[in-house]
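Presented below is the structure to which this report refers.
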Amino acid sequence: MSAFNTPLFALFLTLASYRLAWWLYERSGRHPLAHPFLVAMIPVIIILLLLGISYRDYLAGTAVLQFFLGPATVALAWPLYRQLTTLRKIWGQVLVYILIGAPLAAGLAIGLAAMCGAPLDVIGSLAPKSITTPIALEVSRMTGGYPALAAGAVAITGIVGVLAAPLVFRLLKVHDDRIRGLALGLVAHAIGTARAFEYGERAGAYSSLALGLTGLLTAIALPWLWPWISALLQ
Amino acid sequence: MLDGLLILLAFQFAGDLLVRTFDLPLPGPVLGMVLLLVALTTRAAVLQRVAPAANLLIGNLTLLFFPIGIGIVLEWDRYSEHGLALLVSIVAGTIIALLLVTALLKLLLRSPP
Numbered sequence: 001m002s003a004f005n006t007p008l009f010a011l012f013l014t015l016a017s018y019r020l021a022w023w024l025y026e027r028s029g030r031h032p033l034a035h036p037f038l039v040a041m042i043p044v045i046i047i048l049l050l051l052g053i054s055y056r057d058y059l060a061g062t063a064v065l066q067f068f069l070g071p072a073t074v075a076l077a078w079p080l081y082r083q084l085t086t087l088r089k090i091w092g093q094v095l096v097y098i099l100i101g102a103p104l105a106a107g108l109a110i111g112l113a114a115m116c117g118a119p120l121d122v123i124g125s126l127a128p129k130s131i132t133t134p135i136a137l138e139v140s141r142m143t144g145g146y147p148a149l150a151a152g153a154v155a156i157t158g159i160v161g162v163l164a165a166p167l168v169f170r171l172l173k174v175h176d177d178r179i180r181g182l183a184l185g186l187v188a189h190a191i192g193t194a195r196a197f198e199y200g201e202r203a204g205a206y207s208s209l210a211l212g213l214t215g216l217l218t219a220i221a222l223p224w225l226w227p228w229i230s231a232l233l234q
Numbered sequence: 235m236l237d238g239l240l241i242l243l244a245f246q247f248a249g250d251l252l253v254r255t256f257d258l259p260l261p262g263p264v265l266g267m268v269l270l271l272v273a274l275t276t277r278a279a280v281l282q283r284v285a286p287a288a289n290l291l292i293g294n295l296t297l298l299f300f301p302i303g304i305g306i307v308l309e310w311d312r313y314s315e316h317g318l319a320l321l322v323s324i325v326a327g328t329i330i331a332l333l334l335v336t337a338l339l340k341l342l343l344r345s346p347p
């Protein structure tokens, strides 16, 4: 094994590319299309191809990062707890919103993919695309999806959501930061929440709340409902 | 930081243990998150120490899933035949979802902020 085909090099390459991507993201004024997920891919893919390192080896080398997705999921309890006071005034409306909105986002992903003739394993990867990645990866495992497809779909959903949000808000004449936050958090998870904070603290708080509740509801309902959904699709 | 990590691992383990013991259809870390949320509402001072570790992990979510997510490009030949379904579901699905939930919110939150 060469010095390049080691966990050390895989981690170094990942962290260095991620750091560089963040720097460019900041320089771009945080443009959604310059998101670190997209930009960091470029140097990593080029170097892996040049050195002939397989995706499987790279994934094994960076296993320590994936391990921390578990604790990161548990950690989502913290921002959710911090936003519970936000919920106090309009908890009824927010609950109704999440109970309708979360199944809607998942249902659209499932329905559109099925209409285009995608097989069940692909649909299972797309179903949790509106929820935050650590939870989505856990859910996709239970719906028989591919982790890579699930993680990629989640990231691109976040980026598309952030790109579309200003147009949607203008079209529907939204001037309420509560609505901006709740919409971005439900559809575009953490990427949307980062954007919501740019509308203000209040939008960010509501977005964190929607992100946490949507992830929670989807994680509880989707694996449980999946046997029926997949029977329906077959 | 160490205390925070310890709290996260303890709750993740508790969630994992319950899921395996009772064969629950729920990801272990998600149950761990629910348990931690419930525990936090008791306002126990020691649990506030979760903050530094929690913020560090949440602030770098992209880094944590990046190696998995890059597979969508590196293993594209595995998914390419479903390219259209992926495009429609991800791009159109997201825009339609955003339109519908925003309209729903306008209905639900008609009172001024």
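Line by line, the protein sequences are chains A and B. Quick note, the first sequence lines up with residues 1 to 234 if you use our numbering. Quick note, the second sequence lines up with residues 235 to 347 if you use our numbering. Every residue, glycine too, gets a C-beta built ideally from N, C-alpha and C. No experiment lies behind these values; they were computed from the predicted model shown.
Rounded distance between the beta-carbons of A/Tyr199 and A/Leu182, thought under 8 Å
Going by Cβ atoms, the distance from A/Leu182 to A/Tyr199 rounds to 12 Å, so no, they are not a contact pair.
What three-state label does DSSP hand A/Phe197 in the structure shown?
helix
For A/Ala231, does the count of other Cβ atoms within 10 angstroms reach 16, so buried, or fall short, so exposed?
exposed
Among A/Ala221, A/Gly29, A/Arg19, A/Trp23, whose alpha-carbon lies nearest the alpha-carbon of A/Arg195?
A/Gly29
In the structure shown, what three-state DSSP assignment does A/Ile45 receive?
helix
Exposed unless 16 or more other CB atoms sit within 10 angstroms - verdict on A/Val187
buried
Quick check: B/Gly327 and A/Leu108, are their CB atoms within less than 7 Å of each other?
yes
Need the endpoints of the alpha helix (DSSP H) that B/Asp237 sits in, please.
236–256
Rounded to the nearest angstrom, what separates A/Ala114 and A/Leu233 at their Cα positions?
7 Å
With the cut-off set at 7 Å, would you say A/Pro71 and B/Gln246 are in Cβ contact?
yes
Is there a Cβ of chain A sitting closer than 7 Å to that of B/Ala288, yes or no?
yes
Is B/Thr336 close to chain A, meaning its C-beta is less than 7 Å from at least one C-beta of that chain?
yes
Please classify A/Leu33 as buried or exposed, where buried requires at least 16 other C-beta atoms within 10 Å of its C-beta.
exposed
With burial defined as no fewer than 16 other Cβ atoms inside 10 Å of the residue's Cβ, what is the status of A/Arg180: buried or exposed?
buried
Identify whether A/Thr132 lies in helix, strand or coil by the three-state DSSP scheme.
coil
Can B/Ala244 and A/Trp78 be called in contact, C-beta distance under 7 Å?
no
Please go through the same chain and pick out, in chain order, the residues whose beta-carbon is closer than 6 Å to the beta-carbon of B/Ile305, but skip the five residues on each side of it.
Note that residue 305 of chain B is Gly in the sequence shown here, rather than Ile. Around B/Gly305: no qualifying Cβ.
Taking 8 Å as the limit between beta carbons, can you name the residues of its chain near A/Tyr18, skipping five residues before and five after?
Pro36, Ala40
Counting only C-beta atoms, is B/Thr296 closer than 7 Å to chain A at any point?
yes
Should the segment 96–103 of chain A be regarded as contacting the segment 330–345 of chain B, the criterion being three or more beta carbon pairs within less than 8 Å?
yes
Three-state secondary structure (DSSP) of B/Val335
helix
Pull up the distance between the alpha-carbon of A/Leu15 and that of B/Thr296, whole angstroms please.
11 Å
For A/Gly144, which residues of its own chain have a beta-carbon under 6 Å away from its beta-carbon, when the five flanking residues on both sides are left out?
Asp121, Gly124
Apply the 10 Å Cβ neighbour rule to B/Asp311 and answer buried if 16 or more other Cβ atoms are within range, or exposed otherwise.
exposed
Based on Cα-Cα distance, which residue from A/Gln93, A/Pro103, A/Gly92 lies nearest to B/Ala331?
A/Pro103
Backbone CA spacing between B/Ala319 and A/Ala155 [nearest angstrom]:
17 Å
Whole angstroms is fine: what's the gap from A/Pro223's alpha carbon to A/Leu209's?
22 Å
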